[in-house]
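Numbering (this note's numbering), first residue to last: 680 to 1385. Glycine included, C-beta positions come from ideal geometry on N, C-alpha and C. Owing to the predicted nature of the structure, the values given are computational and were not obtained by experimental measurement. The structure appears right after this line, and notes come after that.
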C-alpha cells in the first residue's frame, strides 16, 4: 500500500473516532433535554390550573435556553455529517518569516478537538484560500487575514501571510472511509465530475469545488458594492449563499442573519435557495423579492396597499424606462420639498402654532420628514391634553383658550396625518409630474408594479420617514440583479445602513430590458463609482459544452448581446431538436421520454411550457400518462433532487435540472427580438446534461444553428 495513503487512512480513522465519541455524548445530552421537556409538557397538560401550566412552560423554555438546546440540535446534525465526511482537502504550507510549517485539513465545518493534530479548518477560514486559489504547489503563495475592527467596521484591514504551498491534496471520502486522494492538480476533472453527477432540482453547496474567481468574490470586502456579471451556469446564486455564509463567519459580530437581506427575482427562487441554506449554517435569513419586501415595510408602518392591486411582473414600455432615471428620482425630491413647504406655510397660519410655541418643530422639519415631525408634535400635545384633564379633575384652573387650542391642534394634525395615504400620495405625485412634457407618458394605474411600489416607498420615506421594522440592513445580497432598474436600486440603497451590497446577475438573462439597467455601470448613478468592485465570470460551469454553444448561438443573432458564455471543458450530448406534426404526438413523446429517463436515473427533470395558459393542459396529459409532475407555481416550495417538474418559462430563471424538455418554443411565443432570445437562452441553460426541444411544424429561427 502507498505509505502516504496508509498514513491518511490512519489519520482519518482517528478523526472519525473522535467525532463519533463526541456525537454519542452530544446525542445523550440532547436526548436528556428532550425527555425533560416532554415530561414537563405532560405535567403542564395534567395540571388543573392554567396559571400553573403557563409557569411550567415558561420554566421549560428557560431550561431549553440555558442548556442551549437549539444550538446543540444544530451542532448534532453537523457532527453527524462530519462523521461521514469530515474533510475534503489538505494543504501543507511553510509560513515565511516565522519558519512555521502548517498542515491544514479543510472541511465543510471546523472541528477543534483537544488533540491539535486532528483539527479541521473551516472552508471559510483565511488559510483555506490557499486550496481554492492555487491548483498546485506554489512558491511565494499568499493568503489574506482579515483584522476586524468593531469600532470601525467599514475599514478593510488585512494582513497578508506569505508562504510556500508545498502540498495541495483532495480526498475522496465516503461514509467515513478513505477511497483515495489526489495530489495537487493530478485530478483536474474534479469539478467536471462533480457537475456531471449533479442531479439538479435543488441548489447544492460547492465548498469542495469553489473556483479561484468564485473564491475572490465570496471573500471580497463587504464594505463596498460588489457587482458580479456572471453568465448562465457560472454559479452566481451559489456564490451568493456561500458569500453570506462567509460574511456571517468572518464578520460574526457585525454582519448577522438578523441584519442581512437576500433579494431574489421570484418567490420560487427564494424557496429554491432556502433548501441549501442550513447546509451552510444559515437558518433564519430574511429573503424574498424586493417588491414583496417594500410592500411589507409600507404595511408595517401602517400604510395600506391592497394585495389584489399588486402586479406580479413589471410593466413594459416607455413608462418603465422613464421611471428608472435620475430625473424621475429627482422629481420625487422636488415633490417632497413642495409638499413640505406648502404644509408648513399652511400650518404657520394656524393660531395654535404660535400660541402653543410649536414653531421650533416646523424648523426641525426643514431637515426631517414632515409627517415624522407632526407625529412628535402630536405626541407632545396628547401628553399636554392628558395633563390638562388631570388638572381639571383636581379643580386646578386651566385657561379655556389654551384647552381649545390644544384640542384644535390635535384634531387638525390628526386629520393631516390620516390624510397621508400611500396610494393617494402616489396618485398626487403622478398627477404633478404628468404636467411635464418629459413625463407626460407616465400614468397612474390602479394596479401597481414594482416601479409603482418603489415610488410609493420613496415618497413615504421622504414624507413620513418609514424604515424597516427592525432597522436598516448591514448587508443586502441581490440575485438576478439585472432585472431591477435605477429606481429600484435607490430603494435598496435606502434600506441599507451603509450601502453595502452584493449584486449578482447576467445582462443576457434580463427578463425585460424596459426599466432595467442596460449596463452595470448604470449603478454608478446611484452608488459612488469608487465604492464599487466589479467581477466578471465568463465560464459556464453548469452546462455541457454542447448545450452552452447551442444557447450562445441564440444570443449571437443580435449584435447588442455581450458577456457571451464560454463553456467549461465538459462534454455531453448534443441538444436534440425534434419536429412533430401534432401537439398530442409532441406531448406523448415528451411524456414517454421524461418517464423513461426518470425511472432510469431518478434525477430532476424539467418540462418547460413557455405558454403559461397551457400549463394545466400539459399537467393533465402527464397525469393520464401516469406521471405525477410537480407543477411549479409562484409559491412553490417542494423542491427535490429526484422529480419531474412542470414549469412555465417565466419561473424557470435561477433553477437547474439534469435534463430539460422545452415544449414548442414557436415564433408566436419567442419572436425574433433580443428579449425573446434572452428568454430562450434562459430556458436552454437550465439543463445540466441534456436538452430536448420538441417543436411543431417549423423550427423557431432563433434556434437555427446557422
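Could you say if the segment 849–865 and the segment 821–838 meet the contact criterion of at least three C-beta pairs nearer than 8 angstroms?
no
Quick check on DSSP: helix, strand or coil for residue 1212?
Against the chain shown, residue 1212 aligns to sequence position 533. Three-state result, residue 1212: strand.
Quick one: what does DSSP say residue 800 is sitting in, helix, strand or coil?
The residue you call residue 800 lines up with position 121 of the chain shown. Residue state, collapsed to three classes: strand.
For residue 782, which option in 729, 1276, 763, 690 has the closest C-alpha, if you only look at C-alpha atoms?
Counting from one through the chain shown, the residue named residue 782 turns up at place 103. Closest by alpha carbon: 690.
Would you say residue 1342 and residue 1298 are within 8 angstroms of each other, going by their C-beta atoms?
Residue mapping note: residue 1342 aligns to position 663 of the chain shown, counting from 1. Residue mapping note: residue 1298 aligns to position 619 of the chain shown, counting from 1. Taking 8 angstroms as the Cβ cut-off, residue 1342 and residue 1298 do not qualify as a contacting pair.
Look at the Cβ atom of residue 687, then the Cβ atom of residue 860, and state whether they are nearer than 8 angstroms.
Looking up residue 687 in the chain shown gives position 8. Looking up residue 860 in the chain shown gives position 181. Yes, they are a contact pair.
Residue 1333 versus residue 1365 - alpha carbon distance
Taking the first residue of the chain shown as position 1, residue 1333 is located at position 654. Taking the first residue of the chain shown as position 1, residue 1365 is located at position 686. Computed Cα separation, rounded: 8 angstroms.
Should the segment 906–920 be regarded as contacting the segment 1243–1253, the criterion being three or more beta carbon pairs within less than 8 angstroms?
yes
Between the Cα of residue 984 and those of 1131, 720, 1081, spot the shortest distance and give me the residue it belongs to.
The sequence position of residue 984 within the chain shown is 305, counting from 1. Measuring from the Cα of residue 984, the nearest candidate turns out to be 1131.
Residue span of the beta strand (DSSP E) that contains residue 921, given as start and end
Looking up residue 921 in the chain shown gives position 242. No beta strand (DSSP E) contains residue 921, which is instead part of the alpha helix (DSSP H) from 915–929.
Of the listed residues 1172, 1309, 1139, nearest to residue 978 (C-alpha basis)
Here residue 978 corresponds to residue number 299 of the chain shown, with the count starting at 1. Here the closest residue by C-alpha is 1139.
Please go through the segment 1163–1224 and give each complete beta strand (DSSP E) segment of 3 or more residues, from N-terminal end onward.
1180–1184, 1211–1216
Under 8 angstroms by Cβ, that's how I've got residue 1382 and residue 1344 pegged, so tell me the actual separation to the nearest angstrom.
As a first step, residue 1382 is located in the chain shown; it is residue number 703 there, counting from the start. As a first step, residue 1344 is located in the chain shown; it is residue number 665 there, counting from the start. Indeed, because the Cβ distance is near 7 angstroms, the residues count as touching under 8 angstroms.
Where do the ends of the alpha helix (DSSP H) carrying residue 812 lie?
Indexing the chain shown from 1 puts residue 812 at position 133. Segment 808–812, the alpha helix (DSSP H) holding residue 812.
Segment limits, alpha helix (DSSP H) that includes residue 730:
As a first step, residue 730 is located in the chain shown; it is residue number 51 there, counting from the start. Counting along the chain, the alpha helix (DSSP H) containing residue 730 begins and ends at 729–745.
Expressed to the nearest angstrom, what Euclidean distance is found between the alpha-carbon atoms of residue 758 and residue 702?
Position 79 of the chain shown, counted from the start, is the residue given in the question as residue 758. Position 23 of the chain shown, counted from the start, is the residue given in the question as residue 702. Looking at the two C-alpha atoms, the distance is approximately 6 angstroms.
Cβ of residue 955 within 8 angstroms of Cβ of residue 803?
Locating residue 955 in the chain shown gives position 276, counting from the first residue. Locating residue 803 in the chain shown gives position 124, counting from the first residue. No, the pair does not count as a contact, with Cβ atoms beyond the cut-off.
In or out: residue 1083 buried (at least 16 other Cβ within 10 Å) or exposed?
Along the chain shown, read from residue 1 onward, the residue named residue 1083 stands at position 404. Exposed, since its Cβ has fewer than 16 Cβ neighbours within 10 Å.
Would you please state the rounded distance, in angstroms, between the beta carbons of residue 771 and residue 789? I believe it to be under 8 angstroms.
Taking the chain shown and counting its residues from 1, one reaches residue 771 at position 92. Taking the chain shown and counting its residues from 1, one reaches residue 789 at position 110. Actually they are not in contact, since the Cβ atoms of residue 771 and residue 789 sit about 18 angstroms apart, beyond 8 angstroms.
Roughly how many angstroms lie between the CA atoms of residue 1053 and residue 975, to the nearest whole one?
On the chain shown, residue 1053 is found 374 positions in, with the first residue counted as 1. On the chain shown, residue 975 is found 296 positions in, with the first residue counted as 1. If you take the alpha carbons of residue 1053 and residue 975, they lie about 23 angstroms apart.
Going by DSSP in three states, residue 837 sits in which element: helix, strand or coil?
Reading the chain shown from its first residue, position 158 is the one you call residue 837. Residue 837: strand per DSSP, three-state reduction.
Which stretch, first to last residue, makes up the alpha helix (DSSP H) that contains residue 1299?
Sequence index remark: in the chain shown, residue 1299 carries index 620 (1-based). Looking at the DSSP string, the run of the alpha helix (DSSP H) that includes residue 1299 is 1294–1303.
Could you compute how far the alpha carbon of residue 693 sits from the alpha carbon of residue 797?
Locating residue 693 in the chain shown gives position 14, counting from the first residue. Locating residue 797 in the chain shown gives position 118, counting from the first residue. Cα-Cα distance, rounded: 8 angstroms.
CB-CB length for residue 1316 against residue 950, believed under 8 angstroms
Position 637 of the chain shown holds residue 1316. Position 271 of the chain shown holds residue 950. Sure, about 4 angstroms apart at Cβ, within 8 angstroms.
Cβ-Cβ separation, residue 1318 to residue 719 (assumed contact under 8 angstroms), whole Å:
Taking the chain shown and counting its residues from 1, one reaches residue 719 at position 40. Taking the chain shown and counting its residues from 1, one reaches residue 1318 at position 639. The pair is not a contact, with the Cβ atoms about 36 angstroms apart (cut-off 8 angstroms).
Closest by CA to residue 1348, which one among 1379, 1363, 1361?
Here residue 1348 refers to the residue found at position 669 when the chain shown is read from its first residue. If we check each option's Cα against that of residue 1348, 1379 comes out closest.
Once the 5 residues before and after residue 1195 are set aside, which same chain residues still bring their CB inside 7 angstroms of it?
The residue you call residue 1195 lines up with position 516 of the chain shown. Taken in chain order, the residues that qualify are 1161, 1162, 1163, 1164, 1189.
Which runs of the alpha helix (DSSP H) at least 4 residues long sit entirely within the segment 927–989? Give them in chain order.
946–953, 969–979
Per the DSSP calculation, residue 909 is bridged to which residue(s)?
As a first step, residue 909 is located in the chain shown; it is residue number 230 there, counting from the start. Looking at the DSSP assignment, residue 909 forms a beta bridge with 1216.
Classification of residue 1117 by the beta-carbon crowding that lies within 10 angstroms, buried from 16 upward
In the chain shown, the residue the question calls residue 1117 occupies position 438. Exposed, because fewer than 16 other Cβ atoms sit within 10 Å of the Cβ of residue 1117.
Segment limits, beta strand (DSSP E) that includes residue 1336
Position 657 of the chain shown, counted from the start, is the residue given in the question as residue 1336. Taken as a continuous stretch (DSSP letters only), the beta strand (DSSP E) holding residue 1336 covers 1336–1342.
Using 8 angstroms as the threshold, is the C-beta distance between residue 1287 and residue 1170 below it?
On the chain shown, residue 1287 is found 608 positions in, with the first residue counted as 1. On the chain shown, residue 1170 is found 491 positions in, with the first residue counted as 1. Not closer than 8 angstroms, so no.
Could you tell me the boundaries of the beta strand (DSSP E) in which residue 859 lies?
In the chain shown, residue 859 corresponds to position 180, counting from 1. Looking at the DSSP string, the run of the beta strand (DSSP E) that includes residue 859 is 856–862.
Residue(s) in a DSSP beta bridge with residue 1154:
Here residue 1154 is taken as the residue at index 475 of the chain shown, counted from 1. 939.
Leaving out five residues on either side along the sequence, give the residues of the same chain with a beta carbon under 8 angstroms from the beta carbon of residue 1122.
On the chain shown, residue 1122 is found 443 positions in, with the first residue counted as 1. Answer for residue 1122: 998, 1109, 1113, listed in chain order.
Range covered by the beta strand (DSSP E) that runs through residue 794
Residue 794 sits at position 115 when you count from the first residue of the chain shown. Residue 794 -> no beta strand (DSSP E), and no H or E assigned at all.
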